[in-house]
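Chains as they are written, first to last, in full-length UniProt numbering: chain A, 1 to 331; chain B, 1 to 331; chain C, 1 to 383; chain D, 1 to 383. Beta carbons: idealized from backbone N, C-alpha and C, even for Gly. Inspection log for the structure reproduced underneath, given as structure tokens.
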Amino acid sequence: MSTATPVRTSTMAQALNAALRDAMREDRSVHVLGEDVGALGGVFRITDGLTAEFGRDRCLDTPLAEAGILGTAIGMAMYGLRPVVEMQFDAFAYPAMEQLVSHVAKMRNRTAGKLPLPITIRIPYGGGIGGVEHHSDSSEAYYAQTPGLHVVTPATVGDAYGLLRASIASDDPVVFLEPKRLYWGKDSLDPAAPVEPIGRAVLRRTGSSAVLITYGPSLPVCLEAAEAAKAEGWDLAVLDLRTLVPFDDETVCRVVRSLGRAVVVHEASGFGGTGAEIAARVTERCFHHLAAPVLRVTGFDIPYPPPMLEHHHLPGVDRILDAVARLQWED
Amino acid sequence: MSTATPVRTSTMAQALNAALRDAMREDRSVHVLGEDVGALGGVFRITDGLTAEFGRDRCLDTPLAEAGILGTAIGMAMYGLRPVVEMQFDAFAYPAMEQLVSHVAKMRNRTAGKLPLPITIRIPYGGGIGGVEHHSDSSEAYYAQTPGLHVVTPATVGDAYGLLRASIASDDPVVFLEPKRLYWGKDSLDPAAPVEPIGRAVLRRTGSSAVLITYGPSLPVCLEAAEAAKAEGWDLAVLDLRTLVPFDDETVCRVVRSLGRAVVVHEASGFGGTGAEIAARVTERCFHHLAAPVLRVTGFDIPYPPPMLEHHHLPGVDRILDAVARLQWED
Amino acid sequence: MTVLDHRHHTSVPGWRPGATAPRTDPAPLLPDASPVRVLGTPALEKYDPALLRELYRRLVVGRRYNQQATVLTKQGRLAVYPASTGQEACQVAAAMVLGAGDWLFPSYRDTLAVVSRGVDPLEALTLLRGNAHTGYDPRATRTAPLCTPLATQAPHAVGLAHAARLSAEPVVALAMLGDGGTSEGDFHEALNFAAVLQAPVVFLVQNNGYAISVPLTQQSAAPSLAHKAVGYGMPGRLVDGNDAPAVHAVLGEAVERARCGGGPTLVEALTYRLEAHTNADDATRYREDEEVAAWREHDPVLLMERHLRGAGLLDDLLVRQASEEAEALAARMRAEFHSDAELDPMSLFAHVYAEPTPQLREQAAQLAAELAAELAAEAEVQH
Amino acid sequence: MTVLDHRHHTSVPGWRPGATAPRTDPAPLLPDASPVRVLGTPALEKYDPALLRELYRRLVVGRRYNQQATVLTKQGRLAVYPASTGQEACQVAAAMVLGAGDWLFPSYRDTLAVVSRGVDPLEALTLLRGNAHTGYDPRATRTAPLCTPLATQAPHAVGLAHAARLSAEPVVALAMLGDGGTSEGDFHEALNFAAVLQAPVVFLVQNNGYAISVPLTQQSAAPSLAHKAVGYGMPGRLVDGNDAPAVHAVLGEAVERARCGGGPTLVEALTYRLEAHTNADDATRYREDEEVAAWREHDPVLLMERHLRGAGLLDDLLVRQASEEAEALAARMRAEFHSDAELDPMSLFAHVYAEPTPQLREQAAQLAAELAAELAAEAEVQH
Ligand SMILES: Cc1ncc(C[n+]2csc(CCOP(=O)(O)OP(=O)(O)O)c2C)c(N)n1
Ligand SMILES: Cc1ncc(C[n+]2csc(CCOP(=O)(O)OP(=O)(O)O)c2C)c(N)n1
Ligand SMILES: [Mg+2]
Ligand SMILES: [Mg+2]
């Protein structure tokens, strides 16, 4: 799609930065705004160099007010721009909740299609980085329950680039959840690879015993669990959803039907989490193929814990394997 | 519990009003605050007469700012008061989302129990009253996914009184969701009846074929559906959850295990809705007792529609019976 | 190319050690002690008679519109109507100061401003009738949807104005709010963004004394709402909101300043809501009849008629013409709302996304099947 | 009994038709043109020498505390530390103006104010160490938890002060914020509530010129942040935030006014963050060394030492004593943080609710089983 950035080894943070830069080069209507996105390049450096290259008009340090940022982006989109908003951390997106739910998600619908809002809202989310309170929330369930939003979350360097490009190109608002603890993971990146469309899950690992269904920060944990499971005699598939809304029922159900056993894994608290939707809809659609209930391995139903205790809260390999063990193998 | 208000026929709105009044009479630390709760008595008249009886000190018309209202209530609770906050409509609670998620839900935990926040947040929710946009949201999924909150929603006149008393008495924050279209429904009310504890579901109708699991505004619809189902030969039980958090696994699972078939019914959009959690956890816990997948009948995954179209969106009797018909009776 | 980078004149430096004075002089930002008035003052003579007559005509038609819409709610033909009766001077002037390329950001009470701006009077009522969310094309009419969540449209106006400025187009955005709305965080954030970005936007606060039942004294302790402007670094202006030429003048000045790169303005118009909050409200619960009566004496339509007649700018013919036009509009409203709106249930699924998701396609199919089954059942009954 | 009903003096009437002036005179609410200063002015002589020496002592200890905490982050003993280096005058004065019954509402940068208020210096660091959320007892110390979400603690301070006032207890709440925090909606809503309720609360904005990387000029276009006060109807005060006795005087006056029923005040203290935003930040990306150097000349600790020495209020002995106390504290911090914190994983489930829900009991049992299995596995390995 873009010839601007050559194939190279890249961190996820660099891939996101490249996606923003390439989008801004190709389309003058793409504007970035948020707190500290200018000279600092964002606290995670995702917007590094954008103000230098495109000027403050295109990459704007805003005053410190999240509802104001998102509300301003709405107005910019109404005028025909394609804003990309950065929320500094998951929990700091909450002040913008009213703008998000009552306007961003609904504007196209409220206006019978006359005012679509092609806004991308980037939110670094999740834990595992040793952050103090309010820096590690997993807030995807709020967004997934809000009709009118797309909810996208990459787990690999390539998807970070491709899905961010696709999100910016989308004529619908996208909540783009960046798994912040994967920012510094490296992989090779080919920006010229075809851009993945929003809404397609992908099988990251094939397997014959059961499937782990996951997304974002939990993908590497699941892959590790699948590796460890070999020692126990299980051959686990790992499915990366990549997009929570719209949900890829087709791919997910195909895999679940063929294996009959599934565990959903995510970091967010379990109760009312996205895992509940996944488990419920998979069960509705694949009931007769299931040898066991779809189980969930998630964060506990507690406020995100302090950094020194977070590893007890986050789904880890052992907890995943414990769930796999409960998949009624005796049947 | 209270001798203040005698047994009588009452609307749900009057029962809620009586609960507030009796709580304020019995406990001087109970304070009410919100928009228009004073002279007007609230747009739904739930706080009618409270300022007249208790003065502005105890029932306060605040400036128009929901985060400010909830934030002020937090400070009042820190000082030892027991605030009851009114949010005027579901969608107008969103500006308070940050205060709710980052403080109300977490303060006890953040302070190792030193600063509990016994705040009750009353929110009229749901549709069916012919309201224009932003007046009919069902926002329970946001609250249910937030650890640290209790989420309570009465469906009867008696529960409106009892559960509001229990919520105000609770030392934890409670999001108290009032099904606004049931405000004007009448029933007999005995304020001296023992107060129902938070967290207990109740079987509103026994049945032998399957159970409809529901709460709040959908309870009357489910009871109607159960009545209509007799003509099709189904004897449906109806379970009223009353409290979403903490969830009454015991009662729900007991009923589901005994019947083997269940449909969850609520107004909120289905995707990521509370029904997903209910279906998922029931399936996890009762898998081998299930003759069919737990199905869901919910609002569509769309922004709440305009009043003249809302009846197509809301789960109605026919749509519930269609789901019951899909419960694999042939097996 | 870089609009923001090239405006160093507005970037006053931050605080430096040893400095003795604040960054800019606040005096020009503060509103005058008294609200601006034109009617009953010599200033009236400086106004174009044609403009004054046009204001009058729109006021008369606007009043009738408000009245007819309120009647339609009582007949159950509108779901709800928050009348701007008593506030017509603000409504009409707000519409008139804007050019065709400018944008209006109304609140739920500003249907009349939307109509006065040129939107079809019946389409403007769609939301309140209840058959769809927005009845007009916001892009074509450069009029945002009527906004219910308070003050949330203010940042939209800022963002749109900012975008226009970046494109070097001389577009101004006008956001309309109530006194209650100024308490919301979004009001604050919008004004601050506007001032920092020097966005070409005007904020019009119609201070009608109440937010539903809550009087201004319980909403704000400020000397005036216009005084809030200084805290953002923009000028605040106070105007008698029932004096149509005064509102027109103050808003017009603010709009032109914004258009010429002078940045945002906050205008507080002192007015009064003569009717209840909406048809569903009972205003006797929270205000005295005497107060309403006092304001009826200061009615914007009466004031205008009296002063224009006094100045010899209005005669019986013009009065009759305006009244006939008003009646014709009222008749059109009655006729249109006499019959039920056309409704397509399947429209629920249109415009949720650019393309329906697989999930919505499934749900649409479900509804279509239900509707078909209903039709079949009805057909059976008729046989 | 009805505190609010009996304060009709503050309830200025709403706008009435025909009125000519705004409701109250804004002049007394506006900050002076120049920030209040004491050091280097004759005013210094009016101050109690004991108070000045106490301020000095706390400044010295405070500076050392900031430095040592920053070092601990570099050693990985603290998760993060947002130093208030350069802002110690504000930190120390804020703590000193409060009585034991008053409440402090600090932000994440105000650990030093918390310590200066009397909270154990190590407990105050618990959040930033990462072993628990809040290390001290907020109720016993009347110090709210360090608040990370910006400006969200401001309405808490208002609510607490309001509740205290209703109980007729002479309690004042002091909320500390940064310049960036003034842009948040919660700041606005808190100030408005405070003024309308006449709550005994003081808002201290430490304007240190930056919100992380964003300079004040991109945060606000106001003449000063103190000018925001007039928009709420409360007095705004501007003070040199690096002049400890000046901050003490201005805050002290505001606290006493609040205590006596005079309502809220907004104080802007002009100061500077000498270190990066936190240890994780790289300040060279957004500010010049010269700017930092200029502010080092205006260092609150140096200023105080220089002026007190000049006035003959400080001698080598006092300087050495302060320095020794500071070193002793630093040594205690190093010692305490040398070893790892004691941690109980099961504490995750404590204090989510008054009583754990059935769901949490299940989850706690799961974690307990996992921990037991881990222990067993470890034991096996050791055999
Ligand atoms: C965020 C939000 N909170 C509450 C409401 C409910 N509500 C609708 S109108 C209104 C009063 C508004 O008063 P004001 O801003 O003065 O406007 P007016 O109605 O007087 O024109 C309230 C509280 C709302 N629409 N939005
Ligand atoms: C609601 C919210 N948004 C964003 C952040 C991230 N953040 C932490 S500190 C900071 C800058 C704050 O600046 P200021 O208020 O001036 O305080 P200072 O750090 O200078 O003391 C930001 C943006 C936050 N903590 N809370
Ligand atoms: Mg009003
Ligand atoms: Mg700062």
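Where residue i meets chain F, residues with beta-carbon distance less than 8 Å
{"i": "residue 295 of chain A", "result": "The structure shown contains no chain F; the protein chains it does contain are A, B, C and D."}
Heavy atom of ligand 1 within 7 Å of residue i beta-carbon
{"i": "residue 99 of chain B", "result": "no"}
{"i": "residue 333 of chain B", "result": "Because chain B in this structure spans residues 1 to 331, residue 333 of chain B falls outside the shown range and cannot be described."}
Cβ-Cβ distance between residue i and residue j below 8 Å
{"i": "residue 244 of chain D", "j": "residue 304 of chain D", "result": "yes"}
{"i": "residue 194 of chain A", "j": "residue 153 of chain A", "result": "no"}
{"i": "residue 150 of chain D", "j": "residue 181 of chain D", "result": "yes"}
{"i": "residue 298 of chain B", "j": "residue 273 of chain B", "result": "yes"}
{"i": "residue 113 of chain C", "j": "residue 95 of chain C", "result": "yes"}
{"i": "residue 47 of chain B", "j": "residue 64 of chain B", "result": "no"}
{"i": "residue 190 of chain D", "j": "residue 173 of chain D", "result": "no"}
{"i": "residue 87 of chain C", "j": "residue 273 of chain C", "result": "yes"}
{"i": "residue 231 of chain A", "j": "residue 285 of chain D", "result": "no"}
Cβ-heavy atom distance, residue i to ligand 2, below 7 Å
{"i": "residue 263 of chain C", "result": "no"}
{"i": "residue 66 of chain A", "result": "yes"}
{"i": "residue 422 of chain C", "result": "Absent from the model: residue 422 of chain C. The displayed extent of chain C is 1 to 383, so no value can be given."}
{"i": "residue 273 of chain D", "result": "yes"}
Residue i (DSSP reduced to helix, strand or coil)
{"i": "residue 105 of chain D", "result": "strand"}
{"i": "residue 123 of chain B", "result": "strand"}
{"i": "residue 333 of chain A", "result": "Because chain A is modelled from 1 through 331, residue 333 of chain A falls outside the range shown and cannot be assessed."}
{"i": "residue 8 of chain C", "result": "In this predicted model, residue 8 of chain C has a pLDDT of only 41, less than 50, meaning its place in the structure is not dependable enough to derive any value."}
{"i": "residue 149 of chain B", "result": "coil"}
{"i": "residue 297 of chain D", "result": "coil"}
{"i": "residue 2 of chain B", "result": "Model confidence at residue 2 of chain B stands at a pLDDT of 46, short of 50, so the residue's coordinates are unreliable and nothing is read from them."}
{"i": "residue 226 of chain D", "result": "helix"}
{"i": "residue 269 of chain D", "result": "strand"}
{"i": "residue 361 of chain B", "result": "Nothing can be reported for residue 361 of chain B, as the shown portion of chain B is limited to 1 through 331."}
{"i": "residue 28 of chain A", "result": "coil"}
Residue i Cβ short of 7 Å to ligand 3 heavy atom set
{"i": "residue 178 of chain C", "result": "yes"}
{"i": "residue 109 of chain A", "result": "no"}
{"i": "residue 231 of chain B", "result": "no"}
Contact test: residue i Cβ vs ligand 4 heavy atom, cutoff 7 Å
{"i": "residue 125 of chain B", "result": "no"}
{"i": "residue 65 of chain D", "result": "no"}
{"i": "residue 17 of chain A", "result": "no"}
Practice task
Report the residues of the region 205 to 218 of chain D with a CB closer than 7 Å to any CB of chain C, ordered along the chain.
Solution key: 207, 209, 215, 216, 217, 218
Practice task
Quick one: which unbroken alpha helix (DSSP H) runs of 4-plus residues sit fully inside the region 17 to 87 of chain C? Chain order, please.
Solution key: 49 to 74
Exercise for the section: Enumerate, from N- to C-terminal direction, the unbroken beta strand (DSSP E) stretches of 3 or more residues contained entirely within the region 202 to 271 of chain B. Expected result: Those beta strand (DSSP E) runs which fall completely within the region 202 to 271 of chain B and span 3+ residues are 202 to 205, 210 to 214, 236 to 240, 243 to 245, 262 to 269.
Exercise for the section: Pull out every residue of the region 344 to 371 of chain D whose Cβ sits closer than 7 Å to any Cβ of chain A, in chain order. Expected result: 345, 348, 349, 352, 359, 360, 363, 367, 370
Practice task
Could you list the residues in the region 229 to 241 of chain D with a C-beta less than 8 Å from some C-beta on chain C, going in chain order?
Solution key: 229, 230, 231, 232, 233, 234, 238
Handout entry: Entirely enclosed beta strand (DSSP E) segments - the region 134 to 178 of chain C, minimum 3 residues
Key = 173 to 178
Handout entry: Under 9 Å (Cβ pairs) to chain A, residues found in the region 245 to 274 of chain D
Key = Those residues of the region 245 to 274 of chain D that come within reach of chain A (Cβ to Cβ, closer than 9 Å) do not exist; the list is empty.
Exercise for the section: Could you pull out every unbroken beta strand (DSSP E) segment of at least 3 residues lying fully inside the region 54 to 114 of chain A, listed in chain order? Expected result: 59 to 61, 82 to 86
Problem - Contact set between the region 246 to 276 of chain A and chain B, restricted to residues whose Cβ is under 8 Å from the partner - result: 247, 268, 269, 271, 272, 273, 274, 275, 276
Exercise for the section: Check each residue of the region 145 to 168 of chain D: if its Cβ is closer than 9 Å to any Cβ of chain B, include it; give the result in chain order. Expected result: 145, 147, 148, 149, 152, 153, 154, 155, 156, 157, 158, 159, 160, 161, 162, 163, 164, 166, 167
Exercise for the section: Using a Cβ-Cβ cut-off of less than 7 Å, give me the residues of the region 304 to 318 of chain B that come near chain D, in sequence order. Expected result: none
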